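Everything below concerns the one structure shown next.
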Amino acid sequence: MNHFQYKNGQLYCEDIPVKDIAKEIGTPFYLYSKATLTRHFKAFDSSFADVDHLTCFAVKSCSNIAVLSLFGSLGGGADIVSGGELFRALKAGVKPERIIYSGVGKTEEELRYGLQSGILLFNVESEQELYRLNTVAGDMGKKAPVAFRVNPDVDPKTHAYISTGLSKNKFGVPINEALALYLLAEKMEGIDVKGVSCHIGSQLTRISPFVETLKKIKAFVHHLAEKGIFIQYIDLGGGVGIVYDDEEPPHPEEYAEAIKKEMGNLSVTLIFEPGRVIVGNAGIMVTEVQYTKTNRGGEKEKHFVVVDAGMNDLTRPSLYGAYHGIRPITEDRKMYQVVDIVGPICETGDFLAKDMNFPRVEQGDLLAVLSAGAYGFTMASNYNSRPRVAEVMVAGDRFEVIRRRETMEQLIQGEIIPDFLEK
Ligand code: LLP
Numbered sequence: 014m015n016h017f018q019y020k021n022g023q024l025y026c027e028d029i030p031v032k033d034i035a036k037e038i039g040t041p042f043y044l045y046s047k048a049t050l051t052r053h054f055k056a057f058d059s060s061f062a063d064v065d066h067l068t069c070f071a072v073k074s075c076s077n078i079a080v081l082s083l084f085g086s087l088g089g090g091a092d093i094v095s096g097g098e099l100f101r102a103l104k105a106g107v108k109p110e111r112i113i114y115s116g117v118g119k120t121e122e123e124l125r126y127g128l129q130s131g132i133l134l135f136n137v138e139s140e141q142e143l144y145r146l147n148t149v150a151g152d153m154g155k156k157a158p159v160a161f162r163v164n165p166d167v168d169p170k171t172h173a174y175i176s177t178g179l180s181k182n183k184f185g186v187p188i189n190e191a192l193a194l195y196l197l198a199e200k201m202e203g204i205d206v207k208g209v210s211c212h213i214g215s216q217l218t219r220i221s222p223f224v225e226t227l228k229k230i231k232a233f234v235h236h237l238a239e240k241g242i243f244i245q246y247i248d249l250g251g252g253v254g255i256v257y258d259d260e261e262p263p264h265p266e267e268y269a270e271a272i273k274k275e276m277g278n279l280s281v282t283l284i285f286e287p288g289r290v291i292v293g294n295a296g297i298m299v300t301e302v303q304y305t306k307t308n309r310g311g312e313k314e315k316h317f318v319v320v321d322a323g324m325n326d327l328t329r330p331s332l333y334g335a336y337h338g339i340r341p342i343t344e345d346r347k348m349y350q351v352v353d354i355v356g357p358i359c360e361t362g363d364f365l366a367k368d369m370n371f372p373r374v375e376q377g378d379l380l381a382v383l384s385a386g387a388y389g390f391t392m393a394s395n396y397n398s399r400p401r402v403a404e405v406m407v408a409g410d411r412f413e414v415i416r417r418r419e420t421m422e423q424l425i426q427g428e429i430i431p432d433f434l435e436k
């Protein structure tokens, strides 16, 4: 359930017609509903209310500081993967002791920043990272809290680009080699071994890969205990998938039940790093039809709806062949035809939808691209020198621009024409 609903033929975000926002700020823009963000965060977090846990929102999925600040105020933490995300999370007021740091390529500078900020946990992904972290911590006279991200070799049954828990993927330390790292880390001055972490992939629509992973982790944790290593945290990575089209992902509550059952009486704090399940359906992208055109001459006529948002604004369809529902924001367009909805970028790969049965729209009509809250704005680029679009949050009958549309000047910010070029 989300708060993007039609009332009297008009799409509303909570209590505001989407067209009113478009009129005021122009298109394209991302639009988030505070009530939906809150509802989805709570739905996930409260499913684990009866066990010791921490919900660390995956910043990469939607990193606007207003969004992070909302989750922070709801008791959430942050799962970060770069110094930039740490900066955002701290700026948004997320407590450092609720921040965990994942990622295969943390630089020395990033490790130092994390240590200096006093974050909860570094999810270490290789032996070399462990040595580096130990050295940096030693230099700073600190002990780094560490969990190793183990790779359980479980197939998450999702898109190949977003599978992370198979041994052929670059992530983590193979679970059957991880013990050696724990034993090594125990002896290091600058390291405080605290947990085990994993993340097997994103947009999972089944529970079984999560349970299979947890089984392997439990066995591993017992093995560690036999060696005298007792851990405090198990981090189970990202959340469950969402409905874009006809998927049937588990509800967070079903996921929570399965995890709690599998946990049994293992006494640790569980950490989760959900992104998509919280923000995915709490955001849409609004775009305006610029032109409609029909290309004839091929085997069959091809109809195009050209809009003012492209693959630089929402990359998922082009990059993963991902489906996003698209609807006109008024329901009065009735006649249907099969169209490609495309952007202005100079590439054939620039599309938001292919062969979609779509109401006949006209120049100036506004369209809502659904389920765009996760990995939407955060994956946007300036390709074709297009300023990144605005982000807006609605709360009841109020809305606020939470990120201004970029200006032309910002497009060339930091660029320099060197003196050695002839003027
Ligand atoms: N934790 C780690 C270490 C991750 O790598 C990810 C996502 C998450 C948590 C959050 O997973 P979620 O709850 O959102 O499933 N750009 C792709 C998705 C990439 C996911 C990367 N990692 C997309 O648009 O589908």
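Sequential numbering of the sequence shown, starting at 14, is according to the working numbering. From the three backbone atoms N, C-alpha and C, an ideal C-beta is built for every residue, glycine too. Keep in mind that this is a model prediction, so the values were computed, not measured.
Notebook entry, point to check: Taking the alpha-carbon positions, what's the Asp248 to Gly310 distance?
Noted result: Locating residue 248 in the sequence shown gives position 235, where the first residue counts as 1. Locating residue 310 in the sequence shown gives position 297, where the first residue counts as 1. Each residue's Cα considered, the two are about 56 Å apart.
Notebook entry, point to check: Using the beta-carbon count (16 or more within 10 Å), is Asp326 buried or exposed?
Noted result: As a first step, residue 326 is located in the sequence shown; it is residue number 313 there, counting from the start. Residue burial is scored here from C-beta neighbours: Asp326 has at least 16 other C-beta atoms within 10 angstroms and is therefore classed as buried.
Next item on the list: Compute every distance between the C-beta of Pro287 and the non-hydrogen atoms of the ligand LLP, then say whether any falls below 6 Å.
Entry: Here residue 287 corresponds to residue number 274 of the sequence shown, with the count starting at 1. Of the heavy atoms belonging to the ligand LLP, at least one sits nearer than 6 Å to the Cβ of Pro287.
Next item on the list: Could you check if Gln216 is buried or exposed, using at least 16 other CB atoms within 10 Å of its CB as the buried criterion?
Entry: Counted from its first residue, the sequence shown places residue 216 at position 203. So Gln216 counts as buried.
Check: For the ligand LLP, any of its heavy atoms closer than 6 Å to the Cβ of Ser82?
Finding: Along the sequence shown, one-based indexing puts residue 82 at 69. No, the ligand LLP has no heavy atom inside 6 Å of this Cβ.
Checklist line | Closest residue to Lys55 among Ile291, Met14, Tyr144 (Cα-Cα distance) | finding: Numbered from its first residue, the sequence shown carries residue 55 at position 42. Distances from the alpha-carbon of Lys55 to those of Ile291, Met14, Tyr144 put Ile291 closest.
Check: How long is the line joining the alpha carbons of Asp363 and Val117, rounded to whole angstroms?
Finding: Looking up residue 363 in the sequence shown gives position 350. Looking up residue 117 in the sequence shown gives position 104. C-alpha of Asp363 to C-alpha of Val117: approximately 30 Å in a straight line.
Note to self: Is Tyr388 near the ligand LLP - that is, is its Cβ less than 6 Å away from at least one heavy atom of it?
What the structure shows: Counting from 1 along the sequence shown, the entry for residue 388 is found at position 375. The ligand LLP has a heavy atom closer than 6 Å to the beta-carbon of Tyr388.
Next item on the list: With Gln423 as the anchor, note down where its alpha helix (DSSP H) starts and where it stops.
Entry: Along the sequence shown, read from residue 1 onward, the residue named residue 423 stands at position 410. Counting along the chain, Gln423 sits inside the alpha helix (DSSP H) bounded by residues 421-424.
Next item on the list: Return the CA-CA distance between Leu179 and Val167, expressed in angstroms with no decimal places.
Entry: Counting from 1 along the sequence shown, the entry for residue 179 is found at position 166. Counting from 1 along the sequence shown, the entry for residue 167 is found at position 154. Those two C-alpha atoms are separated by around 6 Å.
Check: Going along the chain, which residues of its own chain have a beta-carbon closer than 8 Å to the beta-carbon of Glu266, five neighbours each way excluded?
Finding: Here residue 266 refers to the residue found at position 253 of the sequence shown. If you ignore the 5 residues before and after Glu266, its C-beta comes within less than 8 Å of the C-beta of Ala56, Ser60, all in its own chain and listed in chain order.
Margin query: Nearer than 6 Å: is that true of the beta carbon of Arg399 relative to any heavy atom of the ligand LLP?
Written below: Within the sequence shown, the letter at position 386 stands for residue 399. Not a single heavy atom of the ligand LLP lies less than 6 Å from the C-beta of Arg399.
Notebook entry, point to check: With a CB to CB cut of under 8 Å and the five nearest residues on each side skipped, what residues in its chain are close to Gly22?
Noted result: Stepping through the sequence shown from its first residue, residue 22 is reached at position 9. Here the set comprises Thr343, Glu344, Asp345.
Note to self: Here's a check: name, in chain order, each residue in its chain whose Cβ is nearer than 7 Å to the Cβ of Pro262, leaving out the five neighbours to either side.
What the structure shows: Walking along the sequence shown from the start, residue 262 turns up at place 249. Residues of the same chain with a CB within less than 7 Å of the CB of Pro262, apart from the 5 flanking positions on each side, are Thr218, Val253, Gly254, Ile255, Val256 in chain order.
Next item on the list: Pick out the complete alpha helix (DSSP H) segments inside the stretch 92-152, 4 residues or longer, and give them in chain order.
Entry: You should have 96-104, 121-130.
Next item on the list: Under 6 Å Cβ to Cβ from Lys306, same chain only, skipping five residues before and after it: list those, please.
Entry: As a working mapping, residue 306 is identified with position 293 in the sequence shown. In the same chain as Lys306, and ignoring 5 residues on each side of it, the C-beta atoms closer than 6 Å to its own belong to Phe317, in chain order.
Checklist line | Asn77 versus Gly151: straight-line alpha-carbon distance, rounded | finding: Taking the first residue of the sequence shown as position 1, residue 77 is located at position 64. Taking the first residue of the sequence shown as position 1, residue 151 is located at position 138. Their Cα atoms are separated by approximately 34 Å.
Next item on the list: For Met298, count neighbouring C-beta atoms within 10 Å of its own C-beta (all shown protein chains included) and say buried if the count is 16 or more, exposed if not.
Entry: Along the sequence shown, one-based indexing puts residue 298 at 285. Met298 sits buried, since 16 or more C-beta atoms from the chains shown fall within 10 Å of its C-beta.
Next item on the list: Determine the extent of the beta strand (DSSP E) in which Ala408 is found, giving its start and end residues.
Entry: Within the sequence shown, the letter at position 395 stands for residue 408. For Ala408, the uninterrupted beta strand (DSSP E) run begins and ends at 403-408, by DSSP.
Margin query: Could you check whether the Cβ of His53 sits closer than 6 Å to any heavy atom belonging to the ligand LLP?
Written below: Taking the sequence shown and counting its residues from 1, the one referred to as residue 53 is at position 40. Checking every heavy atom of the ligand LLP against the Cβ of His53, none is found closer than 6 Å.
Item checked: Assumed close pair Ile284, Leu24 - CB separation to whole angstroms, cut-off 8 Å -> If you number the sequence shown from 1, residue 284 lands on position 271. If you number the sequence shown from 1, residue 24 lands on position 11. Incorrect: roughly 37 Å between the Cβ atoms, too far for contact.
Margin query: Let's test the definition: count the other Cβ atoms within 10 Å of the Cβ of Ala232 and tell me whether it reaches 16, buried, or not, exposed.
Written below: Taking the first residue of the sequence shown as position 1, residue 232 is located at position 219. Counting C-beta atoms within 10 angstroms of its own C-beta, Ala232 has fewer than 16 neighbours from the protein chains shown and is therefore classed as exposed.
Next item on the list: Decide if Lys313 is buried, meaning its Cβ has at least 16 other Cβ atoms within 10 Å, or exposed.
Entry: For the purposes of this step, residue 313 is taken as residue 300 along the sequence shown, with counting starting at 1. Exposed.
Note to self: For the ligand LLP, is there any heavy atom lying closer than 6 Å to the beta carbon of Gly296?
What the structure shows: Position 283 of the sequence shown, counted from the first residue, corresponds to residue 296. Checking the Cβ of Gly296 against the ligand LLP gives no.
Check: On the three-pair Cβ rule with 8 Å, is the stretch 365-372 touching the stretch 399-414?
Finding: Contact fails between the stretch 365-372 and the stretch 399-414, because fewer than three Cβ pairs, one in each stretch, are under 8 Å apart.
Note to self: The alpha helix (DSSP H) that contains Leu227, what's its start and end?
What the structure shows: Taking the first residue of the sequence shown as 1, we reach residue 227 at position 214. Element bounds for Leu227: 221-239.
Next item on the list: With a 10 Å radius around its C-beta and 16 neighbouring C-beta atoms as the bar for buried, classify Ser280 as buried or exposed.
Entry: Along the sequence shown, read from residue 1 onward, the residue named residue 280 stands at position 267. Ser280 should be labelled exposed.
Check: Thr120: buried (16+ other C-beta within 10 angstroms of its C-beta) or exposed?
Finding: Mapped onto the sequence shown, residue 120 falls at position 107. Under this definition Thr120 is an exposed residue.
Check: Where does the unbroken beta strand (DSSP E) through Ala381 begin, and where does it stop?
Finding: One-based indexing of the sequence shown puts residue 381 at position 368. Taken as a continuous stretch (DSSP letters only), the beta strand (DSSP E) holding Ala381 covers 379-382.
Checklist line | Nonlocal neighbours in the same chain, by C-beta distance under 8 Å from Val374, ignoring five residues either side | finding: Taking the first residue of the sequence shown as 1, we reach residue 374 at position 361. The answer, listed in chain order, is Val302, Thr305, Val318, Pro341, Arg346, Leu380.
Notebook entry, point to check: Considering only residues of the same chain and omitting the five flanking positions on each side of Thr300, which have a CB-CB separation below 6 Å?
Noted result: Walking along the sequence shown from the start, residue 300 turns up at place 287. Excluding residues within five positions, the ones whose Cβ falls inside 6 Å are Thr40, Pro41, Val320, Asp321, Ala322, Leu380.
Item checked: Cβ-Cβ distance between Val149 and Ile204 below 7 Å -> Looking up residue 149 in the sequence shown gives position 136. Looking up residue 204 in the sequence shown gives position 191. Result no, Cβ atoms of Val149 and Ile204 do not sit closer than 7 Å.
Next item on the list: Check whether the Cβ of Asp248 sits closer than 6 Å to any heavy atom of the ligand LLP, and report yes or no.
Entry: Here residue 248 corresponds to residue number 235 of the sequence shown, with the count starting at 1. No, the beta carbon of Asp248 sits no closer than 6 Å to any heavy atom of the ligand LLP.
Item checked: alpha helix (DSSP H) runs wholly inside the stretch 253-308, at least 4 long, in chain order -> For the stretch 253-308, whole alpha helix (DSSP H) runs of length 4 or above, ordered along the chain, are 265-276, 289-292.
Notebook entry, point to check: With contact counted as at least three CB pairs below 8 Å, one residue from each stretch, are the stretch 95-105 and the stretch 417-436 in contact?
Noted result: At 8 Å Cβ cutoff, the stretches do not touch.
Check: If we ignore side chains and look at the alpha-carbon of each, how far apart do Ile244 and Tyr388 end up?
Finding: The residue given as residue 244 occupies position 231 in the sequence shown. The residue given as residue 388 occupies position 375 in the sequence shown. Rounded to the nearest angstrom, the two C-alpha atoms are 32 Å apart.
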